[in-house]
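Before any comments, here is the structure.
Numbering (the working numbering), first residue to last: 941 to 1073.
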C-alpha cells in the first residue's frame, strides 16, 4: 500500500491500461466518428463522439469533421451545422471556465491601512516611553 491507500499492483495495472490505450493503433476519435457515420440520426452517437473529443482535448478535430460533412454532403448539411453550433457553445463554455478573474484589492487596501495605523500607534507608544524616562 502506498500513502494514498492504493495498492501498488493496482497502480501498475492502471498505468499499463493507460499505456495500452495511448498506444492503441485505433484512434478513439476515429472509432467514435465511425459510429456517428454509421448512424447519423443517433444523437447519443454524436454526444459520445464530442465527449471523446473533449476528453482527449481535441475538440477542434470534431469541428473539422462536422465542417467537412456540412460542405460535402447536402443531405446532412443542416445536422452538421447544428452540431457545429453545439461545438461552438461547448468551446465557449470551456474558455469561460479557464478565464482568470482579476482579484479585487479592496481587502488588501483595508488591511494595509489597518497595519499602517497599528504601526503608528506602536511607534507613538515607543516614543512616549522613551520621552518619559
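Where is the CB? At the ideal position from N, CA and C, for every residue including glycine.
For residue i, the three-state DSSP class (helix, strand or coil)
{"i": "residue 1004", "result": "helix"}
{"i": "residue 917", "result": "In the structure displayed, the chain extends from 941 to 1073; residue 917 sits before or after that span and is not available."}
{"i": "residue 1014", "result": "coil"}
{"i": "residue 1041", "result": "coil"}
{"i": "residue 973", "result": "helix"}
{"i": "residue 881", "result": "It is not possible to answer for residue 881, since the shown part of the chain is limited to 941 through 1073."}
Backbone CA spacing between residue i and residue j [nearest angstrom]
{"i": "residue 1020", "j": "residue 1037", "result": "26 Å"}
{"i": "residue 1043", "j": "residue 985", "result": "41 Å"}
{"i": "residue 1035", "j": "residue 1010", "result": "25 Å"}
{"i": "residue 1030", "j": "residue 991", "result": "11 Å"}
{"i": "residue 1024", "j": "residue 975", "result": "18 Å"}
{"i": "residue 1049", "j": "residue 1055", "result": "10 Å"}
{"i": "residue 1067", "j": "residue 1053", "result": "21 Å"}
{"i": "residue 965", "j": "residue 1017", "result": "31 Å"}
{"i": "residue 983", "j": "residue 1047", "result": "49 Å"}
{"i": "residue 1008", "j": "residue 981", "result": "17 Å"}
{"i": "residue 1027", "j": "residue 971", "result": "19 Å"}
Cβ shell of residue i (< 8 Å), same chain only, five flanking positions each side left out
{"i": "residue 998", "result": "969"}
{"i": "residue 996", "result": "968 and 969"}
{"i": "residue 979", "result": "985"}
{"i": "residue 1061", "result": "none"}
7 Å CB neighbourhood of residue i in its chain, flanking five on each side removed
{"i": "residue 973", "result": "989 and 1005"}
{"i": "residue 993", "result": "969, 999, 1001 and 1002"}
{"i": "residue 946", "result": "Residue placement at residue 946 cannot be trusted, given a pLDDT of 48 that sits under 50; what the coordinates show is reported in the next sentence. Excluding sequence neighbours, residue 946 sits near nothing in its chain."}
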